[in-house]
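Below is one structure, written out as structure tokens; comments come after it.
Residue numbers (the numbering used here), protein chains in the order written: chain A, 0 to 260; chain B, 1230 to 1581.
Below, the structure is given as structure tokens:
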């Protein structure tokens, strides 16, 4: 069962092409990380996959149907996005904020059901922020904010989860906890997960599949061990790296070195 | 249970105090003024308005005025809350987008040109103010329109610019006017709840009754649309990207909200003048009390705004009676300190 099938997808902001001729097939139940240097088009590709941006050329089929043909509420019940930087403007409590993610399930009713409450509570527990439920979102630290945004995406009850740099402002312990939570969600519930990250080590450790993007194209696609090679990384990032293997002898880890001239 | 859901019972409990406040204001409003009216005596003589002073003051002067105050206050408070969500800016208010300065320009122009003819019972000043409000709103909307979502930055900038433009043109009209005209214009701009439409309309021709009904219908439709959009305002207040990811048709929802809020603001401005402060402080005060969930905030703001303006108008009529203070002056005089108190409380609670 295919989750996404994208063919010839292009997108430009004004006349600045950001995503160029991308072909991509993702099976339902996969977990993949999209990596690449700044400006490679990662976040734009994510927004195209979520349907927020419409491709200017090519097409994206999600779950057997062109993204353009999806009814927005039906799509929102199926696919949730955790954006890179959620800015809060009003003092919702964390609990309210996560419950608001149940919007696509409410139908015509202005009220939340017990199922909505259960989903919100489960998501808060899963991301370790249940203790913050009564706090105002305006008072959260960067790391708490990020986990609350993820909790909201999980509460939406999706079969597919898109995340833009979910670990960007998390400390080591929370990075591992969050990636672990995503992996469990992926393995136990079969949720398809696609995330954008700059952290190659986290990507290599947790994502079975990596997409390496460069100048709007996917230049490599496969297992982390195959993709994270000194030559390809030097070409894409213009940086020299040392690549080691963890104890399992397969999973690579990456150490950036100083520029060798 | 760690999260509190909005259930019918929670909603009712949160709205009840606001309903009581509005009810109290509705009962108190018609009784006070330069002459104190006994509502019970007025009710007893309701079929004999000509023969009883209480009844005639109560039904022909006070009650229409209280209802206009309620409608105006409800519209401004609700539109204020809606604009704050749409623009994701807690400092937005109904007049941020230039509706009031457009209306004031229309009114000033009508006064300067000495337009006399009434149309179906509506005064030319009111109609010109309505046209000015509509023109300003349409201009700002057109300027901020993009292919995707409406940009809140563009809307705010365009609104502020249009406001300054109309303000300059109003000054120009002032400059060209004599003292009587200028006084009339300034008086209009202070805001007042003198019932501007001719009450004879109620007993007048079918056309004028139809016009009045149409106006009330537009008012009711705009207010109802805003309350019904509450769930979408919640999502829009989190930003267009999140709203879209939750299945909200962002552009459509923004357009509906902007249109309804501009409509009720334009009606309020054309009927009562640009009464300031209600649209900024009532939503904030209500947010401090019940939180930012628009499903509670919007109906609560509607009732609080209506009650607040009824009481302000009652005070304006009776404080220095028989002289009447412009109600717009009073809303800021009463609302300002009250708002600062709430602000201090919110600061202490770390709620802001």
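Note that the Cβ used here is the ideal one computed from N, Cα and C, for glycine as well.
Looking at B:1544, B:1298 and B:1414, the one whose alpha-carbon comes closest to that of residue 1398 of chain B is B:1414.
For residue 1550 of chain B, the CB contacts under 8 Å within the same chain, skipping 5 residues up- and downstream, are 1262 and 1263 in chain order. Taking 8 Å as the cut-off between beta carbons, the residues of the region 1453-1478 of chain B near chain A are 1459, 1460, 1463, 1464, 1466, 1467, 1468, 1470, 1471, 1473, 1474, 1475, 1476, 1477 and 1478, in sequence order.
In the DSSP assignment, the residues bridged to residue 243 of chain A are A:252. For residue 1395 of chain B, the number of other beta carbons within 10 angstroms of its own is at least 16, and it is reported as buried. Distance from the Cα of residue 1411 of chain B is smallest, within the candidate group B:1340, B:1465 and B:1367, for B:1340.
The C-beta separation of residue 123 of chain A from residue 97 of chain A comes to about 6 Å, placing the pair in contact by the 8 Å criterion.
Cβ atoms of residue 35 of chain A and residue 240 of chain A stay farther apart than 8 Å, at about 14 Å. Distance between residue 1260 of chain B and residue 1291 of chain B, taken at the CA atoms: about 8 Å. Distance from the Cα of residue 86 of chain A is smallest, within the candidate group B:1464, B:1493, B:1502 and B:1574, for B:1464. Residues of chain A with a Cβ closer than 8 Å to the Cβ of residue 1483 of chain B do not exist; the shortest Cβ-Cβ separation is about 14 Å. If you look at residue 219 of chain A, you'll find it in the beta strand (DSSP E) that goes 216-221. Bounds of any alpha helix (DSSP H) do not take in residue 7 of chain A; it lies within the beta strand (DSSP E) bounded by 1-12. At a cut-off of 7 Å between beta-carbon atoms, residue 80 of chain A makes contact with chain B. Using beta-carbon distances, residue 181 of chain A does not count as an interface residue toward chain B, since no partner is under 7 Å.
For residue 238 of chain A, the closest of A:172, A:143, A:246 and A:255 by C-alpha to C-alpha distance is A:255. Contact check between the region 1485-1505 of chain B and the region 1272-1284 of chain B: fewer than three CB pairs, one atom from each, fall below 8 Å, which does not count as touching.
Just so you know, the alpha carbons of residue 1462 of chain B and residue 1235 of chain B end up roughly 15 Å apart. Three or more Cβ pairs closer than 8 Å define a contact, and the region 1315-1329 of chain B meets that threshold against the region 1361-1377 of chain B.
Taking 4 residues as the shortest admissible run, the region 1341-1419 of chain B contains the following complete alpha helix (DSSP H) segments, listed from N- to C-terminal end: 1353-1373, 1381-1405 and 1408-1418.
Residue 111 of chain A belongs to the set of residues whose beta carbon lies under 7 Å from a beta carbon in chain B. Within chain A, the residues placing a beta-carbon under 8 Å from that of residue 1236 of chain B are 110 and 111, ordered along the chain. Listed along chain A, the residues sitting closer than 8 Å to residue 1319 of chain B by beta-carbon distance are 88 and 89.
Within the same chain, Cβ atoms closer than 7 Å to the Cβ of residue 1313 of chain B are found at 1319, 1321 and 1512, the five residues on either side in sequence being excluded. If you draw a straight line from the Cα of residue 1574 of chain B to the Cα of residue 111 of chain A, it is about 30 Å long. Against residue 1524 of chain B, the close residues of chain A are 109 and 110, in the order they occur along the chain (beta-carbon pairs closer than 9 Å). The beta carbon of residue 51 of chain A falls within 7 Å of a beta carbon belonging to chain B, placing the residue at that interface. By the Cβ test, the region 1441-1457 of chain B is in contact with the region 1481-1493 of chain B, since at least three Cβ pairs between them sit closer than 8 Å. In its chain, beyond the 5 residues on either side, 1235, 1240, 1459, 1460 and 1463 have a beta carbon closer than 8 Å to the beta carbon of residue 1524 of chain B.
Residue-level contact check: residue 1369 of chain B does not touch chain A, since none of the beta carbons of chain A fall below 7 Å from its beta carbon. Per the DSSP secondary-structure output, residue 135 of chain A pairs in a beta bridge with A:92. Note on geometry: alpha-carbon atoms of residue 1443 of chain B and residue 7 of chain A lie some 53 Å from one another. Within a 10 Å sphere around the beta-carbon of residue 1243 of chain B sit 16 or more other beta-carbons, which makes this residue buried.
In the displayed model, residue 159 of chain A falls within a strand according to three-state DSSP. With respect to the 7 Å criterion, residue 1381 of chain B and residue 1317 of chain B are classified as neighbours on the basis of their beta carbons.
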